[in-house]
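J.: Before I ask anything, here is the structure I am working with.
Residue numbers (our numbering): 263 to 535.
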């Protein structure tokens, strides 16, 4: 159980401010400058984009604001203009063009991911918003405590949609912790369609997930960190999106680390509802 949860809201991010205003309206908070406190949650407003918030957990501790989970309330931007609620973990397989450090993953919060996706799905039932996990991408990466992004996408129309902000705020405040088996995912697209379905249709959840276009860049060190920083129980392959060479190479690394690779059929049989 997370005893103190910090929600980072970015002033330059319209969706983040939308979510913040809805959070403030939903329960009682004590305000001290850019910090708002409730029993379990804390809102911290920052002047920079979330992706550049490396070491923010350490900065909070130095201010006497210890935390054991960080939630980045953010916008999601894409070229397809899809109306979407999403959540994901952070990390860079390659360079750090969008914050964080190169070849580094932040600690993930897989049980929180499952909670957020379930809540947003239920709350968005009568809307035209989709709900999906995303694959691991961008910063910040230099964090010691688990963190997760929760997002409204994908254009300014959605970022400022108060109803969307209310749904995300409600999902945050309704956070409940599962005790779900955790997989690290390999393959699929950015939106991890098969992995999202497994979260909704079985009792498992996911930590870090790497889309097919990143698989050839994964090395032993990154795969090890993904398993450890996700507190993973096993790995999952979206097999149809991977070629044999990719499956064989990554399987060898995963098994060398002491983890099994489970097929979707095995997951559904073992962890189905």
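Glycine included, every Cβ here is placed at the ideal spot set by N, Cα and C.
Can you tell me whether DSSP reads residue 299 as helix, strand or coil?
T.: Three-state DSSP puts residue 299 in a strand.
J.: Am I right that residue 335 and residue 278 are in contact with their C-beta atoms under 8 Å? What's the rounded C-beta distance?
T.: Between residue 335 and residue 278 a beta carbon distance of about 5 Å is seen, short of the 8 Å cut, so the two are scored as contacting.
J.: Along the chain, where does the beta strand (DSSP E) containing residue 392 start, and where does it finish?
T.: 392-395
J.: Which partner residues of residue 350 appear in the DSSP bridge assignment?
T.: In DSSP, residue 350 forms a bridge with 411.
J.: Taking the continuous alpha helix (DSSP H) assigned at residue 439, which residues delimit it?
T.: According to the DSSP assignment, residue 439 belongs to no alpha helix (DSSP H), since it is labelled neither H nor E.
J.: Could you name each continuous beta strand (DSSP E) segment of 3 residues or more that falls completely within the stretch 280-324, going from the start of the chain to the end?
T.: 292-294, 297-299, 303-308
J.: So is residue 514 buried or exposed if we call it buried at 16+ other beta carbons inside 10 Å?
T.: exposed
J.: In the stretch 467-528, which residue ranges form an unbroken alpha helix (DSSP H) of at least 4 residues, counting only runs that do not cross its ends?
T.: List check, alpha helix (DSSP H) in window: 482-491, 506-518.
J.: State buried or exposed for residue 319, treating a residue as buried only when at least 16 other CB atoms are found within 10 Å of its CB.
T.: buried
J.: For residue 381, which option in 354, 453, 431 has the closest C-alpha, if you only look at C-alpha atoms?
T.: 431
J.: Should residue 535 be labelled buried (16 or more other beta-carbon atoms within 10 Å of its own) or exposed?
T.: exposed
J.: Any contact between the stretch 483-502 and the stretch 358-375? By contact I mean 3 or more CB pairs, one from each, below 8 Å.
T.: yes
J.: For the beta strand (DSSP E) that residue 339 lies in, which residues bound it at each end?
T.: 331-339
J.: Go through its chain and collect everything with a Cβ distance to residue 365's Cβ below 6 Å, but skip five positions before and after it.
T.: none
J.: Does DSSP put residue 272 in a helix, a strand or coil?
T.: strand
J.: Just verifying my parser: in three-state terms, what is the DSSP assignment at residue 448?
T.: Here residue 448 sits in strand by DSSP.
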